[in-house]
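Peer 1:
Residue numbers (our numbering): 1 to 174.
1. Do residue 102 and residue 39 come within 8 Å of each other at the CB atom, strictly closer than that value?
2. Using only alpha-carbon positions, find the residue among 33, 45, 168 that is nearest to residue 92.
3. If you measure between the beta carbons of residue 155 and residue 147, is that distance less than 8 Å?
4. According to DSSP, simplified to helix, strand and coil, what is residue 158?
5. Give a yes or no on whether 8 Å exceeds the smallest Cβ distance from residue 122 to chain B.
6. Considering only residues of the same chain and omitting the five flanking positions on each side of residue 104, which have a CB-CB separation below 8 Å?
7. What are the boundary residues of the beta strand (DSSP E) that includes residue 48?
8. Residue 53 by DSSP, collapsed to three states: which one?
9. Classify residue 143 as helix, strand or coil using the three-state DSSP reduction.
10. With 16 other CB atoms within 10 Å as the buried threshold, where does residue 151 fall?
11. What are the residues that DSSP puts in a beta bridge with residue 151?
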């Protein structure tokens, strides 16, 4: 019995470290390769759903709401814009993001925190051609900034792109 126990401990000591090197994430007992994964659908301008069913919140950006929510009404009060106008801007952001990444294979890059309080993955998204989706959405004027420490790796880049988009009246800033 002691020999069997030692064999099991030896195998666990060998197999687990090797397995953990290749397992990027293990929700529900599975591992996924986030270096090559399909975007099943775009939920809104800053949230996508992967082929695994997981939702991903794009780090560093914030797009207008297009559905009824508490945030929609808070944004309306904060900006003095009517709800219908914000929803229309949200729809435009959604359509841009959809055209950019829906039904495409992407790679995810994580920052310090991997999940938000809603259980969504937090990630920077890259198309296979190298396009940095988060940055492109800001650059083309379809998102504002949302910098939440400690996930600030590209905050300076996003700020620069946001300022240029506003100055040049791109996207939502027309």
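Glycine residues also receive a C-beta, built at the ideal position from the N, C-alpha and C atoms.
Peer 2: The structure says:
1. Contact flag set, yes.
2. Put simply, of 33, 45, 168 the residue whose alpha carbon is nearest the alpha carbon of residue 92 is 45.
3. Contact flag set, yes.
4. DSSP places residue 158 in helix when its eight states are reduced to three.
5. No chain B appears in this structure, which consists of one protein chain only.
6. Excluding sequence neighbours, residue 104 sits near 38, 39, 127, 128.
7. For residue 48, the enclosing beta strand (DSSP E) stretches over residues 47–50.
8. When secondary structure is reduced to three states using DSSP, residue 53 falls in the coil class, being assigned neither helix nor strand.
9. Three-state result, residue 143: coil.
10. Buried, by the Cβ-count rule.
11. According to DSSP, residue 151 bridges with 148.
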